[in-house]
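Chemist:
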Amino acid sequence: MSYALIVAEVRRGLFEERNLDSIGICSLLEKDPIMLIPESDYSVNWEALSGVIKVKIEETQFLNPLNMVNILGKVIGKRGKPDVIIFTNSASGAELAAYTAGYFDLPIITDVSNYDKEQGVFYKSYYSDKIFGEFKPSGDGSFIITVRSGSFKEYVTENGTTPSIETIEDITASPVRTFMEYVEEEKTDVDITKADFLLSLGRGIGNKDEIPSYEELAGLLKAVISGSRPVIDKMWLPKARQVGTSGKTVKPKVYLAMGISGAFQHIAGMKDSDCIIAVNKDPEAPIFQYANYGIVADIHKVRDKLKDILKA
Ligand SMILES: Cc1cc2nc3c(=O)[nH]c(=O)nc-3n(C[C@H](O)[C@H](O)[C@H](O)COP(=O)(O)OP(=O)(O)OC[C@H]3O[C@@H](n4cnc5c(N)ncnc54)[C@H](O)[C@@H]3O)c2cc1C
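Heads up, the final residue of the sequence shown is numbered 928 in the working numbering, and it's a clean run with no missing numbers.
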């Protein structure tokens, strides 16, 4: 049977939205989507799937690659080889995919963000979407892909039927690696996901001493400050302010990005904002492809001008 095996991404019993991208690409690949998932009560509409394989194993054990290859071995034993095994391109998805590819000696294409159905070509981005690599799996056997969040969910189609459900029970968890704990995110007073207006700062601000002046602008605009990852990594802003794949997903009414280039990891976290305004001195910056309004200028000059206008 021709099918795609989707390895689900779950955290603390919750079904991650990025699984929709793994389901969506199955429509383009024209494969029956069968999802492998640790057994739990998820609040999910399963109608986009042909089948669900529930695994009686702790979620944290499911994330262990040493267990995953055993689970996949059982699925293949029962159903035959899938045409493609699909993982998310998260940290854990990429780890599981790489180990699985090595273990079963399968070709792997990571971080797939587009697929050309006619050519059978997968695309992945380099240099913040400035160029794309084209890949085809070698041979005509099974292969593995990891799928970039936000790339394929628009292709999810519900077939209106309840999927078949199977259960895998007898997986012995490997003693070789022990899960310790999920580390709680640091709590802050501000929740950037609730803000109507975000003033988001990127590496282009130059240094930490510039932050107070942007905070003053945020006050005048009645905006909340957020930032790109380098600004958080340099500890210019707290972690809870980070927008992007390893930060928060935000959908404000206005997203004003200053000195942010528009790497896909950032775009994935803010592209659904109602209105995106980007200020960048580089007219080729990828963020302009997503912006409703763009200003090619020095951000500090724009900041000072805006402050003058708002104070007048
Ligand atoms: C696994 C992984 C997860 C990641 N997660 C995230 C994430 O969650 N969020 C995130 O943001 N990134 C994330 N990244 C990092 C991401 O790839 C980019 O490196 C990052 O988004 C770049 O941040 P930036 O745009 O602020 O900096 P840069 O890419 O360095 O861009 C700075 C921009 O400022 C402009 N600029 C400089 N000076 C001025 C000036 N005076 N006036 C106007 N413009 C100016 C430049 O032209 C440039 O476009 C992740 C990366 C990896 C590998």
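Think of the CB as a built atom: it goes at the ideal place given N, C-alpha and C, for glycine as much as any other residue.
1. Taking three-plus beta-carbon pairs below 8 angstroms as touching, is the region 794-812 in contact with the region 662-671?
2. Rounded to a whole number of angstroms, what is the C-alpha to C-alpha distance between R695 and Y739?
3. Counting only runs of 4+ residues fully inside the region 667-735, write out the alpha helix (DSSP H) ranges in chain order.
4. Secondary structure at K869, three-state DSSP: helix, strand or coil?
5. Skipping 5 residues on each side, what residues in its chain have a beta carbon closer than 6 angstroms to that of I639?
6. Within 6 angstroms: the Cβ of R819 and any heavy atom of ligand 1?
7. Quick check on this structure: which residue in L652, L688, L712 has the alpha carbon closest to the alpha carbon of N680?
8. Please look up how many angstroms separate the CB atoms of G736 and K752, rounded, as I've assumed it's under 8 angstroms.
9. What span of residues does the alpha helix (DSSP H) with G843 cover, start to end?
10. Where are the alpha helix (DSSP H) runs, 4 residues long or more, that stay fully inside the region 782-858, in chain order?
11. With three or more C-beta pairs closer than 8 angstroms as the rule, is the region 865-873 touching the region 883-898?
12. Taking just the CA atoms, how far does E675 sit from G629?
13. Whole angstroms are fine: how far does the CA of D657 sit from the CA of K620?
14. Can we count I701 as close to ligand 1, meaning its CB is less than 6 angstroms from some heavy atom?
15. Based on DSSP bridge pairs, tell me the residues matched to N896.
16. How far does the beta strand (DSSP E) with G885 in it reach, from first residue to last?
17. What is the DSSP secondary structure of P753, reduced to helix, strand or coil?
18. Within the same chain, show all residues whose beta-carbon is closer than 7 angstroms to that of S741, passing over the 5 residues directly before and after it, in chain order.
19. Can you find a heavy atom of ligand 1 that lies under 6 angstroms from the Cβ of K845?
20. On a CA-only basis, which of I724, M851, F813, L722 is nearest I827? Give me that one, please.
21. Which residue from D807, K867, Y830 puts its Cα closest to that of D920?
22. Is it buried or exposed for Y909, if we count other Cβ within 10 angstroms and need 16 for buried?
23. Smallest Cα separation from F813: which of F795, M886, Q905, G820?
24. Anyone know if the C-beta pair for E698 and I673 falls short of 7 angstroms?
Modeler: Looking at the atomic coordinates:
1. no
2. 29 angstroms
3. 675-678, 681-695, 707-720
4. coil
5. P649, A664, V772
6. yes
7. L712
8. 6 angstroms
9. Segment 840-843 is the beta strand (DSSP E) holding G843; no alpha helix (DSSP H) there.
10. 827-837, 845-849
11. yes
12. 7 angstroms
13. First, the amino acid is wrong: residue 620 is Ala here, not Lys. Taking the straight line joining both Cα atoms gives about 23 angstroms.
14. no
15. V912
16. That residue, G885, is in no beta strand (DSSP E); its alpha helix (DSSP H) goes 880-886.
17. coil
18. S729, F748, F880
19. A small correction: the amino acid at residue 845 is Arg; Lys does not occupy that position in the sequence shown. For ligand 1, at least one heavy atom lies less than 6 angstroms from the Cβ of R845.
20. M851
21. Y830
22. exposed
23. M886
24. For the sequence presented, residue 698 should be read as Pro rather than Glu. Cβ distance not < 7 angstroms, so P698 and I673 don't count as in contact.
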